[in-house]
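What follows is one structure encoded as structure tokens, with my remarks underneath.
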Amino acid sequence: MKKLKLGVIGTGRIGKVHIATLVQNVPQAEVVAVADLNIEGATEVAKGFGIETVYSNYKDVINHPEVEAIVICSPTDTHAQYIVEAARAGKHIFCEKPVDLSLEVIRGALEAVQKAGVKLMVGFNRRFDPNFLKIKQLVVEGKIGDPHILKITSRDPAPPPAEYSAVSGGMFMDMTIHDFDMARYIVGSEVTEVYVNASVLVDPEIGKVGDVDTAIITLSFANGAMGVIDNSRKAVYGYDQRVEIFGSKGMACADNNFPENHRYFASDGVHGSLPLNFFMDRYLEAYANEMKIFCEAVVNGLSLPVSGDDGLKSVAIALAAKKSNAEHRPVKLSEIL
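Count along the sequence shown from 1, add 53, and you get the number used in my numbering.
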């Protein structure tokens with residue numbers, strides 16, 4: 054088996070997840086170098102996974118002669134720049150979402166990728182979750198009939214620091230963007246209009262930096278279907294991730310994942326485990342699946358299931374959501390794109 058040699062930029066929380074996944078669960082991958090401004094932290098992560106080459110400068114990973122593909126796990130405001138530089142160096146690219154907060158900047162990055170003739174995959178890992186893959190399969194096979202109503206529940210176990218919300222692009226860009234991608238993916242049609250009702254009900258500090266932490270989002274699709282996303286930054290019972298699609302022939306839904314499946318029945322009620330606590334646990338298999346597919350596509354010259362254009366369209370929906378929340382009205386995607 055030919056192995057794909059990768060370099061990882063960013064060894065923070067999501068960087069660690071991808072490094073662990075590549076080293077432990079993707080046989081066709083070999084991580085040969087990592088980089089992070091926090092060289093001490095990067096060195097510790099690298100040591101834990103047997104990676105010998107560690108840099109503080111991301112350019113050293115991009116220019117490493119053995120590296121064939123770059124995995125970008127750095128802060129959002131660096132993604133597009135690193136994509137452009139990696140593309141110009143002839144390296145294939147896996148980039149965490151979002152590509153950028155600006156459609157113009159994203160288009161520039163995608164143009165560089167196209168010009169260089171390299172592959173770019175954006176990290177919408179939920180597409181590769183076995184539960185959601187089955188839902189998608191039922192839709193594609195026509196078992197649901199014509200999609201009518203999509204419902205997505207996505208609630209985090211705890212809010213991020215307000216400082217993070219201030220630089221991440223806000224909830225719609227760093228959290229709901231996964232749900233926007235899932236909506237397009239499951240329904241199989243483009244979003245044409247967004248209407249948001251949002252508030253600050255969890256952490257007043259998030260509101261002080263101009264963000265929200267609770268939202269109901271209504272979507273309209275080109276095929277006539279409708280969708281509802283409900284988001285919260287804090288579900289006291291854990292990471293709440295559910296999807297339902299209703300159509301002319303039936304309905305399919307995916308519930309939360311739990312650490313085990315027992316139920317205890319007693320006189321004071323029925324008791325069971327809370328959902329898996331956060332994305333590192335809930336989507337462990339999804340992360341492995343997406344990285345396997347990325348590596349296989351690069352090694353074997355196959356097409357990618359998630360493109361840069363998917364990344365652009367999800368950001369466009371997020372921008373429409375922000376505009377809707379700010380102006381208290383429905384926003385058509387044609388106003389954004």
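C-beta atoms are modelled at their ideal positions from N, C-alpha and C, and glycine is treated no differently.
These figures come from a predicted structure and were not determined experimentally.
For TYR111, the three-state secondary structure derived from DSSP is helix.
Linking TYR336 to PRO200 through their CA atoms gives a straight-line distance of about 25 angstroms. With respect to the 8 angstroms criterion, THR267 and VAL281 are not classified as neighbours on the basis of their beta carbons.
For HIS324, the uninterrupted beta strand (DSSP E) segment begins and ends at 322-325.
ILE230 is a Cβ neighbour of LYS150, given a cutoff of 8 angstroms. Non-local beta-carbon contacts of LYS376 in its own chain, meaning distances under 6 angstroms to residues more than five positions away in sequence, involve VAL384 in chain order. Residue nearest to PRO328 within the set ASP153, LEU365, VAL124 and ARG295 is ARG295 (criterion: CA-CA distance). Distance from the CA of GLU105 to the CA of ARG382, rounded to the nearest whole angstrom, comes to 53 angstroms.
Per DSSP, TYR217 lies in no beta strand (DSSP E) segment; the continuous alpha helix (DSSP H) that holds it begins and ends at 215-221. Per DSSP, the unbroken beta strand (DSSP E) holding ALA251 starts and ends at 244-252. For ILE197, no beta strand (DSSP E) encloses it, and the DSSP letter there is neither H nor E. VAL166 and ILE92 have their C-alpha atoms some 29 angstroms from each other.
If you ignore the 5 residues before and after THR74, its C-beta comes within less than 6 angstroms of the C-beta of TYR340, ALA341 and MET344, all in its own chain and listed in chain order.
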